[in-house]
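Taking it in order: structure first as structure tokens, then the write-up.
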Amino acid sequence: MCGIIGYIGAIGTDSDDELDTDGGAAVSGAPTASVGDIVHEGLRNLEYRGYDSAGVAFVGPTDGLTVAKRSGKVDGLLVPDVPDATHGIGHTRWSTHGPPTDANAHPHTDCVGDVAIVHNGIVENHETLKRELSDHEFTSETDTEVIPHLLEEMLAEDTDADLLTAVQRVEDRLEGSYAICAVREADDRIVVARRGSPLVVGRGENASFVASDVTAFLEYTRDVTYLEDGDVAALEPDGVSVYHDGEPVERGVETVTWEADAAEKGGYDHYMRKEIHEQPESLRQTLAGRLDLDAGTVDLDVSFPPGYLADVEEIQVVACGTSNYAGRYAARLFEELSGVRATVEIASEYDVGAGRTPDRTLVVAVTQSGETADTLGAVRRANAAGARTVAVTNTLGSTVTREVNETAFIRAGPEIGVAATKTFASQVATLAMLAVAIGRERGALGAADARTVLQNLSGLPGAIQQVLDAEATVREAAKEYGDSEAFFFVGRDLGVPVALEGALKLKEISYDHAEGFAAGELKHGPLALVTPETPVLAVLTEGACADETMNNVTEAQTRGAPALGCVSSGREYDTLDAAFSVPDVGIVEPLVANVYFQLFAYHVANQKGRSIDKPRNLAKSVTVE
Ligand code: F6R
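Residue numbers (numbering that gives the first Met the number 0): 0 to 624.
Now the structure itself:
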């Protein structure tokens with residue numbers, strides 16, 4: 000996945016403003032805001048989407064088109080000084096076609112350096128197109144580079160055509176998913192196109208923006224338009240024209256309510272730690288206005304058609320990684336609270352399955368980004384089979400929301416750290432509400448039982464705050480055990496997905512070997528790995544068969560493993576080497592235990608000086624299958 004940004008406008012270039020010595024224009028009380036600064040800053044905000052190469056292209060009356068790009072992180076890019084640039088585009092890359100080299104970095108240009116484009120997504124028919132363009136000079140191994148050469152062809156064939164017309168024509172030739180942002184030396188607009196990859200337009204005063212994500216330009220405007228698949232748009236300083244199938248169309252303007260500082264580190268060393276600490280607040284946001292504790296009902300702001308949930312025979316959850324573990328937690332809740340058979344599938348492995356009744360099957364796609372290709376693929380297979388589809392996502396306007404029948408937003412706010420933390424908690428909370436909604440509609444869950452679940456949910460933010468207040472004890476444990484050879488996380492029932500998630504978190508940010516197991520499985524094989532150098536971390540809470548799990552932990556302790564446990568208040572396991580107290584919140588206690596695991600992973604990785612927010616080889620959103 001990649002991040003793209005475009006900016007055209009006159010922020011800070013008021014007639015009263017003097018150009019500062021760096022070439023930018025100073026505005027009192029506002030940041031210096033040259034085109035270069037805005038595009039560069041936007042790239043920094045987008046770096047979470049990919050960070051192996053970066054590049055920019057600026058257009059200005061003196062120098063025409065100026066392109067700079069290189070492999071490496073955004074801060075390593077020397078942004079050229081183009082004082083009179085009127086507009087510019089930028090790109091931060093996570094490689095899919097061709098390794099992260101300077102040549103493969105975006106922007107890509109045509110043979111004569113007249114057009115430059117940045118691209119997110121994959122042009123699936125690039126090999127065919129490249130063969131057609133055999134008389135063009137290609138300088139990279141990317142799929143993207145066919146686009147500027149196609150533009151060059153279009154513009155040469157029809158000399159009356161402008162960049163907008165050329166992009167509209169090129170768009171018809173491309174197969175796959177993409178978001179494109181193009182500039183041309185002789186054109187005073189930025190032209191963008193979207194099909195299957197996110198693209199949001201920002202509408203400022205005397206300024207227009209476009210980016211993969213609003214966080215890129217939130218500092219300058221909150222008024223945004225989410226482009227639809229197939230849209231092509233032309234950005235000028237005083238407005239944006241959107242076209243679909245060649246015809247002008249109106250797209251609504253929405254106001255983003257996230258605070259700008261929600262996307263900044265807010266005093267923490269790492270976004271991940273900040274986001275772990277945001278959980279009480281993000282969960283309050285997730286739950287806000289959705290629980291009726293007296294009636295024992297929920298309102299998820301999803302307008303399911305009447306009867307949509309009542310006659311569902313099976314729920315299939317599809318998701319990847321952390322979202323898959325949230326789905327595993329939920330599958331258990333669906334069975335318990337909704338009385339419906341529920342399964343969870345890794346999205347890339349999903350198939351509706353033989354013997355199913357697709358039109359009575361509810362497929363729940365859980366995806367923080369809403370852009371994960373594997374999950375989108377599963378949704379498309381479910382839709383093709385005739386299943387009912389619901390997305391549980393954090394990202395308004397994301398692709399998944401356009402593919403499913405209904406969407407429930409988890410409202411966790413932007414998550415910048417590559418490792419998912421607060422969104423896991425909000426996913427589970429949202430799915431738990433969905434389980435209650437289905438259970439109530441089907442008559443499988445009485446008001447009193449529903450009330451208990453909703454009370455547990457509303458107790459979550461406070462319970463997690465207590466865990467965060469005890470962070471020092473986890474830091475100590477990380478110091479004591481952090482240099483071990485491997486780490487085993489165990490749990491039962493709702494503790495299993497949390498054990499899996501705990502191990503995933505530790506391995507992805509510390510690069511240590513960590514595995515999650517159903518505690519009962521330890522004795523069926525993994526016990527052979529247990530030594531005094533392999534601490535076992537256990538979920539010993541309500542909803543996780545604490546006593547049975549403790550028996551398995553003891554088996555590991557007998558083989559010398561240190562044992563650390565997250566223990567419900569009111570329980571005591573004296574033989575543990577370290578115990579972390581979990582407040583009483585019923586079936587969501589394992590979710591509280593997970594916060595201890597997040598903190599443990601964070602402190603182990605931090606002590607080792609790892610790149611916590613951007614672990615090696617990983618990207619925040621994986622838009623390739
Ligand atoms: C792990 C992590 C990944 C994602 C997975 C799915 O910390 O973040 O495992 O959970 O790539 O991403 P989404 O939820 O965006 O579909």
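Ideal Cβ placement from N, Cα and C applies to all residues, glycine included.
Annotated as proximal: valine 538 and alanine 498, with beta-carbon spacing under 9 Å. When only Cα atoms are considered, leucine 308 and valine 117 end up about 43 Å apart. Apart from the 5 residues on each side of it in sequence, alanine 443 sits with its Cβ closer than 7 Å to the Cβ of Ser337 and Gly338 in its chain, given in chain order.
Taking each of Glu334, Cys110 and Ile146 in turn and checking the Cα distance to glutamate 136, the smallest one comes out for Cys110.
Relative to the ligand F6R, the beta carbon of leucine 503 is positioned inside 8 Å of a heavy atom. Under DSSP, phenylalanine 208 shares a beta bridge with Tyr6 and Gly201. Annotation for threonine 224: Val200, Arg250 and Val252 place their beta carbon closer than 6 Å to its own, counting only its chain and skipping 5 residues before and after.
With a beta-carbon spacing of about 17 Å, aspartate 583 and cysteine 544 fall beyond the 8 Å limit used to define contacts.
By the Cβ-count criterion, aspartate 36 is buried, with 16 or more other Cβ atoms from all chains shown falling within 10 Å of its own Cβ. Per DSSP, the continuous alpha helix (DSSP H) segment holding isoleucine 275 begins and ends at 270-276. Within 10 angstroms of the beta-carbon of valine 594 lie 16 or more other beta-carbons, which makes it buried.
For the 9 Å CB-CB criterion, glycine 41 and valine 182 do not form a contact.
Here aspartate 373 is buried, its C-beta having at least 16 other C-beta atoms within 10 Å. Of the candidates Ile409, Glu184 and Lys478, the residue whose Cα lies closest to the Cα of aspartate 62 is Glu184. In the DSSP assignment, histidine 148 falls within the alpha helix (DSSP H) that extends over 145-156. As summarised for the region 350-390, the continuous beta strand (DSSP E) elements at least 3 residues long and confined to that stretch are 360-366, given in chain order. Secondary structure note for proline 82: it is in no beta strand (DSSP E), with a DSSP letter that is neither H nor E. Between glutamine 367 and alanine 428, the C-beta gap is not smaller than 9 Å, which leaves the two residues out of contact. With respect to the 9 Å criterion, tyrosine 177 and arginine 188 are not classified as neighbours on the basis of their beta carbons. The C-alpha of valine 399 is placed about 15 Å away from the C-alpha of alanine 383. Under the three-state reduction of DSSP, phenylalanine 333 is assigned to helix. For the 9 Å CB-CB criterion, glutamate 624 and serine 281 do not form a contact. Secondary structure note for lysine 68: it is in no alpha helix (DSSP H), and the uninterrupted beta strand (DSSP E) holding it is 63-70. Residue nearest to glycine 75 within the set Tyr50, Phe208 and Leu154 is Tyr50 (criterion: CA-CA distance).
Of the candidates Thr138, Tyr480 and Glu313, the residue whose Cα lies closest to the Cα of isoleucine 437 is Glu313. Under the DSSP definition of a beta bridge, cysteine 565 partners with Val538 and Phe579. Of the other Cβ atoms in all chains shown, 16 or more fall within 10 Å of the Cβ of serine 397; this residue is therefore buried.
For glycine 376, the CB stays at least 8 Å from every heavy atom of the ligand F6R.
Distance between glycine 559 and tyrosine 572, taken at the CA atoms: about 17 Å. Remark: the shortest separation between the CB of glycine 515 and any heavy atom of the ligand F6R does not fall under 8 Å. Here the distance from the Cβ of serine 196 to the nearest heavy atom of the ligand F6R is not below 8 Å. Counting the other CB atoms within 10 Å of its CB gives asparagine 616 a total below 16, which places it among the exposed residues.
Inclusion of alanine 527 and alanine 513 in the CB contact set at 9 Å is not warranted, their separation being larger than that value. Taking 8 Å as the cut-off, one finds no heavy atom of the ligand F6R near enough to the beta carbon of alanine 428. About 7 Å separates the CB atoms of phenylalanine 599 and leucine 536; that is less than 8 Å, so the two are in contact. For glycine 295 against alanine 449, the beta-carbon gap comes to about 3 Å, under 8 Å, which counts as contact.
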